[in-house]
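K.L.:
Okay, handing you the structure first.
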Amino acid sequence: RIPRDWTHVGRVDPKEELQLTFALKQRNVDLLEEMLRAVSNPDSARYGKYATLEEVANLVRPSDLTQKVVRHWLQSSGVTNCRTVHTQDFLECSITAEVAEQLLPGSRFCRYIRDGQSQVRSSAPYSVPDDLHQHLDFVGGLHRLPRKLQQDVSGTSFSRKQSGFTAGIHLGVTPSILRARYNLTSADVGKAQNNSQAVAQFLEQYYSPADLAEFMSLFGSGFQHHTQVDRVVGTQGAGKAGIEASLDVEYIMSTGANISTWIFTNPGRHETQEPFLQWMMLLSNMSDLPWVHTISYGDDEDSLSTAYMERINTEFMKAGVRGISLLFASGDSGAGCRRSVKNSFRPSFPASSPYVTTVGGTTFKNPFKVTYEVTHYISGGGFSNVFKMPDYQASAVDAYLKSMAAVLPPRSYYNTSGRAYPDMAALSDNYWVVINRVPVPWVSGTSASTPVVGGMLSLINDQRLLKGLPVLGFLNPRLYKLKGQALFDVTEGCHVSCVDEQVQGKGFCAAPSWDPVTGWGTPNYPELLAALLT
């Protein structure tokens, strides 16, 4: 399905080169999930005993038969320009549109444009020969088109003199405001040599080193910090910096201060390729990776194939068993709304994945004071329609459904047995960001709260590493065992959903303990550090 904001401009030249990704069927996915449970559960004897990339590769590497069948199928059509990854479960191949349409019956490659950006995708579903079905999960680069980034931004000038806000009153969220709210002191900065964190950027987003340096000069007083990114994986585009990339890197580096930071980025144009999939392949091909990754990226769950999402979940498990923490923004559409024959809420993926930690959003009760937090109405949350509820959250979700039964939306709008999200939250409203050397206020979204939480988890990893303890890895099993301990519980406010007679624009509401708007709440850093150091 082609989103309405993309315009069809015609068929591609048959000789045009495409980049398609073939996801080969993996072995031992059930054992991989069992391993993830063991290394992530603090009650397990295997807690924190993470696997190396080589060990993961040996576990999931496709069978010799699968590799032979897929490669023979490609080579029989003259497709020989392919590269694989260390785990050998992906093949990325250069292939002409003409050959691709012969190889994948039903596919029909066309060009689409939006806001000057050009993409090549198939306007129709593809198929593969019957004898290939058992060897392939999906072929990437055919269908999915990126959603437009939505940021609540207004441009207002700002001077250096304004960066020191009057105590008790502020004009927007900055690093000092976050540190005040979440109880971080000037001593809460990174010290371990073997610690690092990362943000991943998609949709032609990239950061500006000059913007980062300017941001830190304006807002970085009072705590030790870096002013430069240590490593960029990928190629930065040219032109103006993106608000999303600037937000992510400026806030993970000011909350996870003084910690080595990487950026995973992609070229300016992503014709015929899905940059998110490209990032997942990088994780399968690098033995040395940062411990915490935050990603402000998502799609409507119903816009994706189940095969695709299940395979991406396996990629998340591969990262988790290696000790990598993946944090995803919960989205900025509340419960969402799917308008079909019957309205229903619209969950977002990867936010709805059971194998990542999903971060929702809050706002100050008084927007100009460091007060307690309430629900930010945009905060994404709800229940997956595809993935069942994981055991680690079942009792918490059941308690919410029972305690809020009288005010819940009609059950026809959501799947009460699905993976529920978010898992936790942080402030997501009214941020200051420096972009193209100009400080800009009123930037909002869970893409702000996610790197803030990621930075704090990096600080906790830092303390664990200094004590000789393993990093946190996949956080959720441990987070849900805390039952809200060390977090500020958010109990006020609801988020948005369908505008119709039954729900009238209201989705779920916050409540004591866990809720599908703010999860367990927002971090009280010193208490969370103490709870996660034991």
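Per the working numbering, the very first residue in the sequence shown carries number 8; after that it's consecutive.
Backbone N, C-alpha and C fix where the C-beta goes; we use that ideal spot for every residue, glycine too.
Would the stretch 315-325 count as touching the stretch 360-367 if we require 3 or more Cβ pairs under 8 Å?
P.N.:
yes
K.L.:
LYS198 to PHE226, Cα distance in whole Å?
P.N.:
21 Å
K.L.:
Is it buried or exposed for PHE375, if we count other Cβ within 10 angstroms and need 16 for buried?
P.N.:
exposed
K.L.:
Count the other C-beta atoms from every protein chain shown that fall within 10 angstroms of the C-beta of HIS150, then say buried if there are 16 or more, exposed otherwise.
P.N.:
Buried: at least 16 other Cβ atoms inside 10 Å.
K.L.:
With H, G and I counted as helix, E and B as strand and the rest as coil, what does DSSP make of HIS232?
P.N.:
coil
K.L.:
PHE495 and THR529: beta carbons closer than 7 Å?
P.N.:
In this structure, THR529 lies closer than 7 Å to PHE495 by Cβ.
K.L.:
With a CB to CB cut of under 6 Å and the five nearest residues on each side skipped, what residues in its chain are close to TYR420?
P.N.:
SER351, PHE352
K.L.:
Where do the ends of the alpha helix (DSSP H) carrying TRP80 lie?
P.N.:
71-83
K.L.:
For ALA455 and LEU254, what's the separation of their Cα atoms in angstroms?
P.N.:
6 Å
K.L.:
Does the stretch 56-71 come close enough to the stretch 25-35 that 3 or more CB-CB pairs lie under 8 Å?
P.N.:
yes
K.L.:
Taking only the alpha-carbon atoms, compute the straight-line gap between LEU43 and SER332 and give it to the nearest angstrom.
P.N.:
12 Å
K.L.:
Checking 7 Å against the spacing of the C-beta atoms, do VAL19 and ARG118 come in under that value?
P.N.:
yes
K.L.:
Just confirm the distance between the C-beta atoms of TRP80 and ALA207, as a whole number of angstroms; I'd bet it's less than 8 Å.
P.N.:
The Cβ separation is near 31 Å, so there is no contact.
K.L.:
Measuring CB to CB, does PHE97 end up less than 7 Å from MET288?
P.N.:
yes
K.L.:
Over what stretch of residues does the alpha helix (DSSP H) that includes VAL404 continue unbroken?
P.N.:
401-410
K.L.:
Could you tell me which of SER303, ALA131, LEU139, LEU296 sits nearest to ALA252, measuring between CA atoms?
P.N.:
SER303
K.L.:
Would you mind giving the Cβ-Cβ distance between GLU499 and THR382, rounded to the nearest angstrom? I have them listed as a contact below 8 Å.
P.N.:
6 Å
K.L.:
Let me make sure I understand the geometry here. Which of GLN509, ASP522, PHE283, ALA107 has the alpha-carbon closest to that of VAL497?
P.N.:
ASP522
K.L.:
Beta-carbon separation of ASN202 and LEU472 under 7 Å?
P.N.:
yes
K.L.:
Buried or exposed: PRO112, going by 16 or more other Cβ atoms within 10 Å of its Cβ?
P.N.:
exposed
K.L.:
Of all the beta strand (DSSP E) runs that stay within the bounds of the stretch 317-359, which reach a length of 3 or more residues?
P.N.:
Within the stretch 317-359, the runs of beta strand (DSSP E) at least 3 residues long that lie entirely inside it are, in chain order, 332-336.
K.L.:
Tell me, which residues are paired with PRO477 by DSSP?
P.N.:
None; PRO477 has no bridge partner.
K.L.:
Please identify the residue among LEU178, GLN95, LEU191 whose C-alpha is closest to the C-alpha of TYR532.
P.N.:
For the set LEU178, GLN95, LEU191, the Cα lying nearest the Cα of TYR532 is the one of LEU191.
K.L.:
Whole-angstrom Cβ separation of ALA538 and GLN470, contact assumed at under 8 Å?
P.N.:
ALA538 to GLN470, Cβ: 12 Å. No contact.
K.L.:
Compare the beta carbon distance of VAL76 and HIS142 with 7 Å and say whether it is the shorter of the two.
P.N.:
yes
K.L.:
Got a sec, what are the start and stop residues for the beta strand (DSSP E) PHE515 sits in?
P.N.:
Note, PHE515: beta strand (DSSP E), 513-516.
K.L.:
Only counting the same chain, and skipping five residues up and downstream in sequence, which positions put a Cβ closer than 7 Å to that of GLN509?
P.N.:
PRO417
K.L.:
Taking 6 Å as the line, does the beta carbon of GLY367 fall inside it for any heavy atom of the ligand SAM?
P.N.:
Only the bare structure without any ligand can be found here, which leaves the ligand SAM out of the picture.
K.L.:
In terms of residue numbering, what span does the beta strand (DSSP E) encompassing LEU98 cover?
P.N.:
It spans 97-103 - the beta strand (DSSP E) in which LEU98 sits, taken as one unbroken run.
K.L.:
For the pair the stretch 396-410 and the stretch 472-489, tell me if three or more CB-CB distances fall below 8 Å.
P.N.:
yes
K.L.:
Considering only residues of the same chain and omitting the five flanking positions on each side of THR541, which have a CB-CB separation below 6 Å?
P.N.:
none
K.L.:
Contact check, THR28 vs LEU284 under 8 Å by CB: the rounded distance?
P.N.:
6 Å
K.L.:
To the nearest angstrom, how far is the alpha carbon of GLY461 from that of LEU334?
P.N.:
7 Å
K.L.:
In three-state terms, what does DSSP make of PRO530?
P.N.:
strand
K.L.:
For LEU25 and VAL127, which I take to be in contact (beta-carbon distance under 8 Å), what is that distance rounded to the nearest angstrom?
P.N.:
6 Å
K.L.:
Does the beta-carbon of ILE184 have 16 or more other beta-carbons within 10 angstroms, so that it is buried, or is it exposed?
P.N.:
buried
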